[in-house]
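Participant: Quick one: structure below, then a few questions.
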Amino acid sequence: MDPSYNSTHRALLQAFFAHTTLPTAHLPALLSSIHTAADPDRPTLPADITQPDIDASIASVNAAIAPFDYEIRCVHHQSSMSRADSEATYVIVNCTSDPSTQLATRFNADEVKFVRRVLDLMFDKMNFEGREVCAVRPSEALRVAKVRDSVGGTQIETLNGEGVGGGVASSLKLDQAERVLEELKQEGWLELSEAGFLSLSVRALAELGRWLVEVYNDPEAEEDEWQRIKTCEGCKQIVTIVSFHCERREQQQTTPCYDTG
Amino acid sequence: MARSRRQTRREVSEDEEEDDSRLQPETQGRDYQDDQEEEDAYGEDGDGQGQQLISQLAKKLVRYALSVESNRRAIKRQDVNRVVLGAHTREFKNVFSEAQLQLETVFGMKMVELPKQEKVTGAQKRAAAQKADKPGTSSTNTWILITTLDPRFRVPSILGPPKAPTRKAESEYVGLYSIIIALIYINGGVLPDTKLESHLKKLNAEVNTPIGRTEAVLQRMINDGYLVRSKDSSSGDEQIEYTVGPRGKIEVGEEGVAGVIRKMMGGQDPDIESKIQVTLSLNPKHAEPAITGASQAPKPRGRKRTHQQTEPEEAAEGQEEDEEEDEEDETEA
Chain A
1 MDPSYNSTHR ALLQAFFAHT TLPTAHLPAL LSSIHTAADP DRPTLPADIT QPDIDASIAS
61 VNAAIAPFDY EIRCVHHQSS MSRADSEATY VIVNCTSDPS TQLATRFNAD EVKFVRRVLD
121 LMFDKMNFEG REVCAVRPSE ALRVAKVRDS VGGTQIETLN GEGVGGGVAS SLKLDQAERV
181 LEELKQEGWL ELSEAGFLSL SVRALAELGR WLVEVYNDPE AEEDEWQRIK TCEGCKQIVT
241 IVSFHCERRE QQQTTPCYDT G
Chain B
1 MARSRRQTRR EVSEDEEEDD SRLQPETQGR DYQDDQEEED AYGEDGDGQG QQLISQLAKK
61 LVRYALSVES NRRAIKRQDV NRVVLGAHTR EFKNVFSEAQ LQLETVFGMK MVELPKQEKV
121 TGAQKRAAAQ KADKPGTSST NTWILITTLD PRFRVPSILG PPKAPTRKAE SEYVGLYSII
181 IALIYINGGV LPDTKLESHL KKLNAEVNTP IGRTEAVLQR MINDGYLVRS KDSSSGDEQI
241 EYTVGPRGKI EVGEEGVAGV IRKMMGGQDP DIESKIQVTL SLNPKHAEPA ITGASQAPKP
301 RGRKRTHQQT EPEEAAEGQE EDEEEDEEDE TEA
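Right under this line is the structure:
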């Protein structure tokens with residue numbers, strides 16, 4: 001391990017575990033608190049922390065946690081037009097995660113299956129060529145609280161070839177489903193747009209990106225074939241707000257982020 | 001064997017590419033380690049592979065510990081065997097100590113064994129006395145993950161309460177269990193439910209709290225290991241009592257309780273430190289801080305309940321008034 005890896009890095013890592021997401025703007029204050037705690041005789045001010053300091057600290061932490069399949073990633077919200085460092089969000093990501101392992105600790109099996117049904121709704125039913133919504137209205141999400149074959153069941157099984165996590169899913173009561181959605185929103189997995197649609201947050205996309213591609217995309221598809229999950233040609237982040245690509249295509253020269261779709 | 005050597009070489013070269021600036025000291029350290037590993041590998045066939053297996057399983061255990069802790073569940077040996085080790089359960093000791101090392105060097109955390117559940121009722125004590133003769137029952141085989149960072153780093157601006165589900169809800173939960181644990185400690189380690197109820201009444205929290213109905217919140221504290229609810233029928237009528245649960249002892253402990261009291265009473269009472277000393281050391285059997293004492297499980301605190309009626313009672317009364325003020329402050333804000 002890097003010999004310079006010390007308590008300040010461990011404190012930064014634990015801060016990330018506690019916060020999960022941190023906007024760039026918060027990092028100077030955080031790092032200065034950490035450095036001041038490490039060396040109280042020489043207080044560090046937030047203004048003393050430069051972007052290279054942030055980058056170096058995060059790079060050290062990443063080198064240490066990579067063997068454990070964790071990573072601190074610097075991501076931008078897909079609707080943000082700027083890719084400046086100041087607009088970024090840092091997210092700690094469990095690289096080998098899928099919704100069931102991520103949510104199994106907080107929700108019971110039926111609730112996790114409900115979340116799977118909501119994701120299927122987002123990325124399968126509400127996401128087809130020419131109309132890639134990748135989002136649901138809360139009322140539509142609540143409709144899959146009840147298990148119905150016509151909504152999820154059969155279709156999902158053919159999609160994943162494995163069924164929804166094994167076992168028979170039972171329906172959720174409406175208030176239980178509402179609570180699950182509310183908690184997912186509060187914990188920053190889902191976000192509600194102004195137009196009233198629920199979609200995956202920056203954090204959820206960073207964490208579940210690989211899983212989404214595995215589950216919803218056809219690995220044997222041709223290069224130009226339509227795929228459910230799309231990634232930005234420029235930054236390789238997942239793009240779910242596809243309507244943006246129309247606007248962006250005209251701006252390709254100025255914005256690095258545009259879509260393949 | 002050959003595979004393991006190639007593996008370590010490849011890791012080294014990857015690291016070199018990644019990190020040119022700090023190349024010198026790092027590679028030297030690593031080379032030495034590699035030589036050692038290679039020697040081992042040459043020495044005994046299969047040893048290198050064994051080492052690799054252990055480090056692989058240790059990583060799995062680290063990940064398991066982190067995910068379990070994020071939900072305040074305990075790490076149980078049985079689950080570790082099932083989820084992490086699979087067919088290699090006899091490697092538990094090696095894997096555990098390797099994982100412990102990784103947790104400490106990389107994450108600044110460690111797994112601490114939970115203390116044994118103290119025996120509150122007469123029947124439990126008798127059962128414990130019988131068991132005590134048998135060897136090998138000293139371990140609870142249950143651990144939780146705690147930070148090993150210096151207390152200087154444990155300030156809200158660095159390590160606030162985790163965001164699960166939200167920072168606010170989590171802070172309220174932490175506040176409530178800290179106060180209840182403080183009340184139990186001050187009351188001599190055991191708090192009858194009637195007393196808890198009257199304390200909660202003064203906090204205006206006997207029916208509802210900011211994070212849900214009191215009964216549900218208490219149940220959550222019990223599930224999370226902050227509190228233990230037990231029935232004592234030794235004196236004739238059945239009485240429900242609360243004691244501090246294993247997680248409460250380690251995460252909050254007497255140090256935490258002293259902190260709560262200091263925060264609430266601070267500035268008002270110049271003798272606060274000596275009062276804290278007197279109050280908390282009334283429980284002589286757990287005088288040492290919970291964290292360092294965790295590996296040797298504290299002995300059951302079989303206190304005679306007659307002792308409680310004196311000093312701690314007064315301290316508790318004094319504190320409640322403060323809590324009330326605090327509560328009001330919160331609602332105003």
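Quick mapping for you: the protein sequence lines, in order, are chains A and B. To convert, note that position 248 of the first sequence is 248 in UniProt numbering; the numbers rise steadily by one, no gaps. To convert, note that position 13 of the second sequence is 13 in UniProt numbering; the numbers rise steadily by one, no gaps. Cβ atoms here follow ideal geometry from the backbone N, Cα and C, with glycine treated the same way.
Can you check whether the C-beta of L200 (chain B) is within less than 9 angstroms of a C-beta belonging to chain A?
Facilitator: It does not; no Cβ of chain A falls within 9 angstroms.
Participant: What does E197 (chain B) pair with, by DSSP beta-bridge criteria?
Facilitator: Answer by DSSP bridge pairing: none, since E197 (chain B) is not bridged.
Participant: Could you compute how far the alpha carbon of L181 (chain A) sits from the alpha carbon of Q100 (chain B)?
Facilitator: Near 36 angstroms, if we compare the C-alpha coordinates of Q100 (chain B) and L181 (chain A).
Participant: If I follow the unbroken beta strand (DSSP E) through R73 (chain A), where does it start and stop?
Facilitator: Counting along the chain, the beta strand (DSSP E) containing R73 (chain A) begins and ends at 70-75.
Participant: On a Cα-Cα basis, can you pick out the residue from A:G196, A:R203, A:R42 that is closest to R137 (chain A)?
Facilitator: Of A:G196, A:R203, A:R42, the residue nearest in Cα terms is A:G196.
Participant: What residues from the region 34-55 of chain A come within 8 angstroms of chain B, judged by C-beta to C-beta, listed N to C?
Facilitator: Flagged, chain order: I34, A37, A38, P40.
Participant: G212 (chain B) bridges to which residues according to DSSP?
Facilitator: According to DSSP, G212 (chain B) bridges with B:T209.
Participant: Which same chain residues end up closer than 7 angstroms to E91 (chain B) when comparing Cβ atoms and leaving out the 5 residues on each side of it in sequence?
Facilitator: Taken in chain order, the residues that qualify are I54, L57, L85.
Participant: In whole angstroms, give me the CA-to-CA distance for K185 (chain A) and Q78 (chain A).
Facilitator: Computed Cα separation, rounded: 18 angstroms.
Participant: What residues of chain B sit near S7 (chain A), judged by a beta carbon separation below 8 angstroms?
Facilitator: Under the 8 angstroms cutoff, chain B gives G108, L149, D150, F153.
Participant: Distance check for K76 (chain B) and Q219 (chain B), CA to CA, integer angstroms please.
Facilitator: If you take the alpha carbons of Q219 (chain B) and K76 (chain B), they lie about 21 angstroms apart.
Participant: Quick check on this structure: which residue in A:K146, A:E194, A:T24 has the alpha carbon closest to the alpha carbon of D175 (chain A)?
Facilitator: When each option's Cα is compared against that of D175 (chain A), the closest is A:K146.
Participant: How about A169 (chain B): is its C-beta nearer than 9 angstroms to some C-beta of chain A?
Facilitator: So yes, A169 (chain B) belongs to the interface.
Participant: Beta-carbon within less than 7 angstroms of V61 (chain A)'s beta-carbon, same chain only, minus the 5 sequence neighbours each way: which residues are those?
Facilitator: Cβ within range, chain order: H9, L12, L13, I72.
Participant: Taking the C-alpha atoms as reference points, what is the distance between L196 (chain B) and V207 (chain B)?
Facilitator: C-alpha separation (whole angstroms): 12 angstroms.
Participant: So that I know if they touch, is there some Cβ in chain B lying closer than 9 angstroms to that of R228 (chain A)?
Facilitator: So no, R228 (chain A) is outside the interface.
Participant: On the premise that S193 (chain A) lies in contact with T240 (chain A), defined as a C-beta separation below 8 angstroms, what is that separation, rounded to the nearest angstrom?
Facilitator: Incorrect: roughly 11 angstroms between the Cβ atoms, too far for contact.
Participant: Mind checking T89 (chain A): buried by the 16 CB within 10 Å criterion, or exposed?
Facilitator: By the 10 Å Cβ count, T89 (chain A) comes out buried.
Participant: L103 (chain B) by DSSP, collapsed to three states: which one?
Facilitator: Helix.
Participant: Taking Y216 (chain A) and D124 (chain A) to be in contact with their CB atoms under 8 angstroms, please state how far apart those CB atoms are, rounded to whole angstroms.
Facilitator: Indeed, because the Cβ distance is near 7 angstroms, the residues count as touching under 8 angstroms.
Participant: Are the beta-carbon atoms belonging to N141 (chain B) and E98 (chain B) less than 9 angstroms from one another?
Facilitator: Cβ atoms of N141 (chain B) and E98 (chain B): not closer than 9 angstroms.
Participant: What are the residues in the region 170-201 of chain B lying within 7 angstroms of chain A by C-beta distance?
Facilitator: Cβ contacts with chain A: none found.
Participant: Can you look up F107 (chain A) in the DSSP assignment and give me helix, strand or coil?
Facilitator: Note: F107 (chain A) maps to coil in three-state DSSP.
Participant: Taking the alpha-carbon positions, what's the D322 (chain B) to I179 (chain B) distance?
Facilitator: Low confidence applies to D322 (chain B): its pLDDT is 42, below 50, so where it sits in the model is not reliable, and the reading given next is rough at best. If I take the Cα positions, the gap works out to 11 angstroms.
Participant: What does a CB cutoff of less than 8 angstroms around V115 (chain A) pick up in its chain, not counting 5 residues either side in sequence?
Facilitator: Excluding sequence neighbours, V115 (chain A) sits near P99, L103, F107, V180, L184.
Participant: If we call anything under 9 angstroms between Cβ atoms a contact, is I54 (chain A) one with H35 (chain A)?
Facilitator: No; because the gap between Cβ atoms is not below 9 angstroms, this pair is not in contact.
Participant: If you pair each beta-carbon of the region 200-214 of chain B with each one of the region 244-251 of chain B, do three or more pairs fall below 8 angstroms?
Facilitator: Short answer: they don't touch.
Participant: Does N204 (chain B) come out as helix, strand or coil in the three-state DSSP assignment?
Facilitator: DSSP places N204 (chain B) in coil when its eight states are reduced to three.
Participant: At 7 angstroms on the CB atoms, spell out the chain A contacts of K76 (chain B), in chain order.
Facilitator: In chain order: nothing, as chain A lies at least about 14 angstroms away.
Participant: Between which two residues does the alpha helix (DSSP H) carrying N62 (chain A) extend?
Facilitator: Looking at the DSSP string, the run of the alpha helix (DSSP H) that includes N62 (chain A) is 51-65.
Participant: Pull the bridge partners of E241 (chain B) from the DSSP assignment, please.
Facilitator: The partner list for E241 (chain B) (beta bridge, DSSP) reads B:P192, B:S230.
Participant: Decide if N71 (chain B) is buried, meaning its Cβ has at least 16 other Cβ atoms within 10 Å, or exposed.
Facilitator: By the neighbour-count rule (16 or more Cβ atoms within 10 Å), N71 (chain B) is not buried but exposed.
Participant: Under the three-state reduction of DSSP, which class applies to Y90 (chain A): helix, strand or coil?
Facilitator: The answer is strand: DSSP assigns Y90 (chain A) an E or B state.
Participant: Whole angstroms are fine: how far does the CA of N223 (chain B) sit from the CA of V91 (chain A)?
Facilitator: Those two C-alpha atoms are separated by around 30 angstroms.
Participant: Could you check which residue in B:E104, B:P270, B:S171, B:T243 has the C-alpha nearest to that of G189 (chain B)?
Facilitator: That would be B:T243, whose Cα lies nearest to the Cα of G189 (chain B).
Participant: Name the one or two DSSP bridge partners that E132 (chain A) has.
Facilitator: A:N127.
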